[in-house]
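Below is one structure, written out as structure tokens; comments come after it.
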Amino acid sequence: MFCLCTTSLKDVVLKVTGDHNHLFHPENMQLKQFRTKVKERAMKETTPIIKIYEEEVISSQIPPETLAIMPLARELQPGLTYVRRKMTPALPDSCMFEISESYQKTFNDELFLARDVIIRRRKRMLIFCTKTQLELLFDSPVIMMDGTFSATPPFFQQINSIHALKYDSSNKYTFFNLSYFYFFAGFPCIFSILSNNKKSTYAELFNELKGFAAELNRSFEPSFLALMPNEFPGSVHSGSFFHLTEAAYRRVQNLGLSTVYADDIDIRTCVRKLMALAILPVDKVQTAFNDLRTNSSDNVKEKLHQLFVYFDNQWMKEIPLSLWNAHGPQHRTNNICDSFHNRLNHRIEKSHPNIWSFIKCLQDEESRFRQMLIQVNAGAKRRPKATATTAIQQRIDTSNERYSNSEIDLQVLFHSLSTVVAKQHK
Numbered sequence: 003m004f005c006l007c008t009t010s011l012k013d014v015v016l017k018v019t020g021d022h023n024h025l026f027h028p029e030n031m032q033l034k035q036f037r038t039k040v041k042e043r044a045m046k047e048t049t050p051i052i053k054i055y056e057e058e059v060i061s062s063q064i065p066p067e068t069l070a071i072m073p074l075a076r077e078l079q080p081g082l083t084y085v086r087r088k089m090t091p092a093l094p095d096s097c098m099f100e101i102s103e104s105y106q107k108t109f110n111d112e113l114f115l116a117r118d119v120i121i122r123r124r125k126r127m128l129i130f131c132t133k134t135q136l137e138l139l140f141d142s143p144v145i146m147m148d149g150t151f152s153a154t155p156p157f158f159q160q161i162n163s164i165h166a167l168k169y170d171s172s173n174k175y176t177f178f179n180l181s182y183f184y185f186f187a188g189f190p191c192i193f194s195i196l197s198n199n200k201k202s203t204y205a206e207l208f209n210e211l212k213g214f215a216a217e218l219n220r221s222f223e224p225s226f227l228a229l230m231p232n233e234f235p236g237s238v239h240s241g242s243f244f245h246l247t248e249a250a251y252r253r254v255q256n257l258g259l260s261t262v263y264a265d266d267i268d269i270r271t272c273v274r275k276l277m278a279l280a281i282l283p284v285d286k287v288q289t290a291f292n293d294l295r296t297n298s299s300d301n302v303k304e305k306l307h308q309l310f311v312y313f314d315n316q317w318m319k320e321i322p323l324s325l326w327n328a329h330g331p332q333h334r335t336n337n338i339c340d341s342f343h344n345r346l347n348h349r350i351e352k353s354h355p356n357i358w359s360f361i362k363c364l365q366d367e368e369s370r371f372r373q374m375l376i377q378v379n380a381g382a383k384r385r386p387k388a389t390a391t392t393a394i395q396q397r398i399d400t401s402n403e404r405y406s407n408s409e410i411d412l413q414v415l416f417h418s419l420s421t422v423v424a425k426q427h428k
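Sequential numbering of the sequence shown, starting at 3, is according to my numbering.
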């Protein structure tokens, strides 16, 4: 049985015709509300439809009576997929495609596609940011940059993000940790989609972004390092200690030394000392490296010969010490950028999504940026320091103080800092 009535597009009853004497069935209303929620999310999000279905079933706390008549996810999926495809532009077959207005703006209708640059030989660069993000970036004395490759849409090779560090309360401490505890938040301000990671492409990017940076922090790429001093001559360039240690670990694995590293304490100690070079006083790094290479046992020299050669060529000669030495700077890691890219990759849920899905994820991130900025401006506090983080920092401070007071020599300081590195890689 049904009733004759007139409703609005939002199912509000406007006019009733005739008598309404039938029984009310709440299951039908609950089912309709459920389907509406799933459809709205399918139209707005890039989340797989089956996952949306499962999440809504859980969050809606649907009673058994309604579950009994509810269609399965696979029954709803074809119709929702059709609706989603109708709202999505055709997938491009090259990097030369039109971007519709809905993908050029944020969810609150603000301009988001700030630059659309065609680079030579049909290469393209897309830069997404809002006026608020740029204003925040200009006000920040510290900027961090990093890139990721797995999330890039087809016909592009790298996603580069620029983050502003604000509301720094770490000026009383120098946190040494591989987890993000020393800032309340890094605000993602610029998202750029690049065709490659060549020096010329970075030059084009910096040509658009000049004046943004006072201090840059990113992982090492030779083309990037060669470019930075020319593009930002007045900035302070600092690399990431985390990437240095990770690069050393990868080299150990690539050289087939993982087993001997785990079994031989002398090998393990030597590798950790190589990593600890990054937190020695910069004027002592070369001396400490030479002493370590010269005074190690014959067994260590033999087994780590290739690692010493790699470290000498890459970190002692190729990359200036001032770029990877983290003795003193407040921001020794690039975890803010890494955390952002990890979250982005998790939200996308697959490698190399189509361009429209990816832009929607960026629009989601811009919405998150606005929410986070409002909360911080309203007085939200950063996360408290972890107990382990404080303990590690105290050990570093104590060792450096003893060295400064000539209570210990360089070798003792070197060994002490290498044990701190060990704690970061349990």
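Virtual Cβ for every residue (Gly too), placed ideally from N, Cα, C.
Taking residue i as the reference, which of the options has the closest Cα?
i: P50; options: R87, V378, F371 and R404; result: R87
i: V378; options: K168, G81, Q160 and P66; result: K168
i: P190; options: L415, E368, L419 and S420; result: E368
i: F140; options: K286, A166 and D266; result: A166
i: T48; options: R370, Q159, L279 and D366; result: D366
i: L246; options: D266, K275, T271 and I267; result: K275
i: Y263; options: P156, L306 and L196; result: L306
i: D118; options: D111, R126 and Q160; result: R126
i: L33; options: V59, I52 and K53; result: V59
i: E77; options: Q135, D95, S408 and V40; result: V40
i: F360; options: P143, V423, V422 and P155; result: P155
i: I161; options: T400, Q395 and P355; result: P355
i: Y251; options: L279, V273, I267 and A153; result: V273
i: T38; options: E67, G81 and H27; result: G81
i: I192; options: D314, P143, I129 and V422; result: I129
i: D265; options: V284, P283, V302 and D95; result: V302
Nearest-angstrom Cα distance between residue i and residue j?
i: E304; j: S298; result: 10 Å
i: T132; j: S353; result: 26 Å
i: I145; j: L138; result: 11 Å
i: Q316; j: R253; result: 11 Å
i: A92; j: E100; result: 10 Å
i: V260; j: M277; result: The sequence shown places Ser at residue 260, rather than the Val named in the question. S260 and M277: Cα-Cα distance of roughly 16 Å.
i: N256; j: G381; result: 47 Å
i: L412; j: A290; result: 8 Å
i: R122; j: S202; result: 10 Å
i: T90; j: P65; result: 34 Å
i: A215; j: F310; result: With a pLDDT of 44 at A215, under the threshold of 50, the modelled position of that residue is not reliable, and the figure given next carries that caveat. Computed Cα separation, rounded: 35 Å.
i: F371; j: F416; result: 41 Å
i: N402; j: W326; result: 19 Å
i: L346; j: A75; result: 26 Å
i: P322; j: A116; result: 34 Å
i: D300; j: N292; result: 15 Å
i: E56; j: S418; result: 51 Å
i: P73; j: L375; result: 41 Å
i: I269; j: R295; result: 12 Å
i: F157; j: H27; result: 52 Å
Taking DSSP's pairing of strands, which residues face residue i in a bridge?
i: I129; result: R117 and S194
i: L261; result: Checking the sequence, you will find Thr at residue 261 rather than Leu. Bridge partners of T261: none, in fact.
i: A166; result: I145 and F189
i: Q160; result: L196
i: T150; result: I161
i: K107; result: L113
Specify, as a first and last residue, the run of the beta strand (DSSP E) that residue i falls within.
i: D268; result: Run containing D268: none in the beta strand (DSSP E); it sits in the alpha helix (DSSP H), I267 to A278.
For residue i, count neighbouring Cβ atoms within 10 angstroms of its own Cβ and tell me buried if that reaches 16, exposed if not.
i: G149; result: buried
i: H329; result: buried
i: N209; result: exposed
i: N30; result: exposed
i: F36; result: buried
i: F151; result: exposed
i: Q288; result: exposed
i: S406; result: exposed
i: E206; result: buried
i: M45; result: exposed
i: A249; result: buried
i: Q63; result: exposed
i: A393; result: exposed
i: Y105; result: buried
i: I54; result: buried
i: K319; result: exposed
i: G188; result: buried
Between residue i and the ligand COA, is the CB less than 6 Å from at least one heavy atom?
i: S298; result: Inclusion of the ligand COA in the displayed structure is not the case, the ligand content being empty and no account of it being possible.
Which stretch, first to last residue, makes up the alpha helix (DSSP H) that contains residue i?
i: K46; result: P28 to K46
i: W317; result: First-last for W317: undefined, no H or E at that position.
i: G81; result: A75 to M89
i: M374; result: I357 to N379
i: S1; result: As displayed, the chain neither begins before 3 nor continues past 428, which places residue 1 out of reach and without an answer.
i: I2; result: Within the shown structure, residues of the chain are numbered from 3 to 428, placing residue 2 beyond reach of any answer.
i: A92; result: Here A92 belongs to no alpha helix (DSSP H), and DSSP marks it neither H nor E.
i: D411; result: Note, D411: premise wrong, no alpha helix (DSSP H); not H, not E.
i: L294; result: V287 to N297
i: S324; result: L323 to W326
i: I71; result: P66 to I71
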